[in-house]
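Chemist: Residues 99 to 339 in this note's numbering are what the sequence shown spells out, letter by letter.
Glycine included, every Cβ here is placed at the ideal spot set by N, Cα and C.
Once you've had a glance at the structure underneath, I'll fire off some questions.
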Amino acid sequence: MSLLQGFSFKKGVSLIHRLDPRSKLLLVFSLASSAIIFRGFLLPSLALLLLSLGLIVASGCAGQWLKTLKGLILLSVFIFLVNWWYVDAFYAASMVSLLITLVASLSLFFLTTSPDDLSLALVKLGLPYELALELSMAIRFVPTLAREAQLIIDAQRARGLDLETGFIKRLRNLIPILIPLVINTVRRSYRVAEAMESRAFGASPKRTWLFDLKFRGVDYLVTISSFALLALSFFLVYRFL
Numbered sequence: 099m100s101l102l103q104g105f106s107f108k109k110g111v112s113l114i115h116r117l118d119p120r121s122k123l124l125l126v127f128s129l130a131s132s133a134i135i136f137r138g139f140l141l142p143s144l145a146l147l148l149l150s151l152g153l154i155v156a157s158g159c160a161g162q163w164l165k166t167l168k169g170l171i172l173l174s175v176f177i178f179l180v181n182w183w184y185v186d187a188f189y190a191a192s193m194v195s196l197l198i199t200l201v202a203s204l205s206l207f208f209l210t211t212s213p214d215d216l217s218l219a220l221v222k223l224g225l226p227y228e229l230a231l232e233l234s235m236a237i238r239f240v241p242t243l244a245r246e247a248q249l250i251i252d253a254q255r256a257r258g259l260d261l262e263t264g265f266i267k268r269l270r271n272l273i274p275i276l277i278p279l280v281i282n283t284v285r286r287s288y289r290v291a292e293a294m295e296s297r298a299f300g301a302s303p304k305r306t307w308l309f310d311l312k313f314r315g316v317d318y319l320v321t322i323s324s325f326a327l328l329a330l331s332f333f334l335v336y337r338f339l
């Protein structure tokens, strides 16, 4: 469950926290797209990885993101060994860099963007409010479900449930974890639906907002830099690589 820690919003006052979610979304898209464009090329992949990690450190969320990195260790080792076996070590290292860059760029967005700002940004981008709310609530509940799953696992272990030995046995012992997790998820969904109905959600087609999103100078700078990074990636990969 530590992998999901990097997708839970953390309050902060850093410059990245204060960016407009739309400019951050474009930045994440640019980083992820550039990482995919440079897949298989080690040096550009490492440069993008360092850039993503630098942005996470600048946001003040490095400690929380390290928990996500811990959850990526086994998958990274597996990807490295498979690609090393079939190709070579340089290609394997570039694929691991691609994985970590993708996760880091997505984590950068979710760690520094509140669900409320995300839903407002999606509405500003033209999505219907209902769909934007559904997406933001789904993202909001991911870390909640992860914490609840960990509580259920700890409770079942305290009752003597073995989750360490035997692959088949571990799969069978997941049933006492999944059943209460699904039941609690359904109950929470009903409570959220009832709370929304009691607040007359959807009664008015025209919504108002307590706060509004406005592009500032730094947002325009981030937007231009994101487009420049994407254009540079296309140019380098087709001209020199």
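1) Report the residue from Leu200, Gly110 and Val180 whose alpha carbon sits nearest the alpha carbon of Ser143.
2) If we call anything under 8 Å between Cβ atoms a contact, is Phe105 one with Val240?
3) For the alpha helix (DSSP H) containing Lys168, list its first residue and its last residue.
4) Check whether the segment 178-191 and the segment 217-235 touch, using three or more Cβ-Cβ pairs below 8 Å as the test.
5) From what residue to what residue does the alpha helix (DSSP H) around Lys222 run?
6) Does DSSP put Ser205 in a helix, in a strand, or in coil?
7) When the Cα of Gly224 is compared with those of Ser331, Arg120 and Lys109, which residue comes out closest?
8) Considering Pro274, what are the terminal residues of the alpha helix (DSSP H) in which it resides?
9) Nearest by alpha-carbon distance to Phe188: which of Gly138, Ala202 and Asp317 is it?
10) Are there 16 or more other CB atoms within 10 angstroms of the CB of Thr211, so buried, or fewer, so exposed?
11) Looking only at C-alpha atoms, which of Phe107, Ala301, Gly300 and Leu113 sits nearest to Val320?
12) Excluding sequence positions up to five away, which residues of its chain have a Cβ less than 8 Å from the Cβ of Lys267?
13) Let me confirm a value: Met193 is counted as buried when at least 16 other C-beta atoms fall within 10 Å, else exposed. Which label applies?
14) Is the CB-CB distance between Ile154 and Ser174 below 8 Å?
15) Hey, how far is the Cα of Arg270 from the Cα of Ala329?
16) In angstroms, rounded to a whole number, what distance separates the CA positions of Leu334 and Asp186?
17) If you draw a straight line from the alpha carbon of Ser205 to that of Ile237, how long is it in whole angstroms?
18) Measure the alpha-carbon distance for Thr242 versus Ser150 and round it to whole angstroms.
19) Can you give me the Cβ contacts of Asp214 inside the same chain, cut-off strictly under 8 Å, excluding the 5 residues immediately before and after it?
20) Please report the distance separating the alpha-carbon of Gly300 from that of Leu218.
21) Just verifying my parser: in three-state terms, what is the DSSP assignment at Gly258?
22) So the alpha helix (DSSP H) Pro119 belongs to, where does it begin and stop?
23) For Leu327, which residues from the same chain have a beta carbon less than 8 Å from its beta carbon, with the 5 sequence-adjacent residues on both sides left out?
Modeler: A quick look at the data gives this:
1) It is Leu200 whose Cα lies nearest to the Cα of Ser143.
2) Yes. Within cutoff.
3) Segment Ala160 to Gly169, the alpha helix (DSSP H) holding Lys168.
4) No, because fewer than three Cβ pairs between the segment 178-191 and the segment 217-235 fall closer than 8 Å, the two stretches do not touch.
5) For Lys222, the enclosing alpha helix (DSSP H) has its first and last residue at Pro213 to Lys222.
6) Note: Ser205 maps to helix in three-state DSSP.
7) Among Ser331, Arg120 and Lys109, the Cα nearest to that of Gly224 belongs to Arg120.
8) Following the DSSP letters along the chain, one finds Pro274 inside the alpha helix (DSSP H) bounded by residues Ile273 to Ser296.
9) It is Gly138 whose Cα lies nearest to the Cα of Phe188.
10) It is buried - the Cβ of Thr211 has at least 16 other Cβ atoms within 10 Å.
11) When Phe107, Ala301, Gly300 and Leu113 are compared, the shortest CA-CA separation from Val320 is found for Leu113.
12) Around Lys267: Asp260.
13) Burial is judged here by how many other beta carbons sit within 10 angstroms of a residue's own beta carbon; Met193 has at least 16 and is buried.
14) With respect to the 8 Å criterion, Ile154 and Ser174 are not classified as neighbours on the basis of their beta carbons.
15) As the crow flies, the alpha-carbon of Arg270 is around 50 Å from that of Ala329.
16) Taking the straight line from one Cα to the other gives about 23 Å.
17) Each residue's Cα considered, the two are about 12 Å apart.
18) Annotation: Thr242 to Ser150 spans about 25 Å, alpha carbon to alpha carbon.
19) So the qualifying residues of the chain are Ser234.
20) Roughly 16 Å separates the two Cα atoms.
21) If DSSP states are grouped into helix, strand and coil, Gly258 belongs with coil.
22) It spans Pro119 to Ile135 - the alpha helix (DSSP H) in which Pro119 sits, taken as one unbroken run.
23) Closer than 8 Å at the Cβ level, and outside the excluded window around Leu327, lie Ser128, Leu129 and Ser132.
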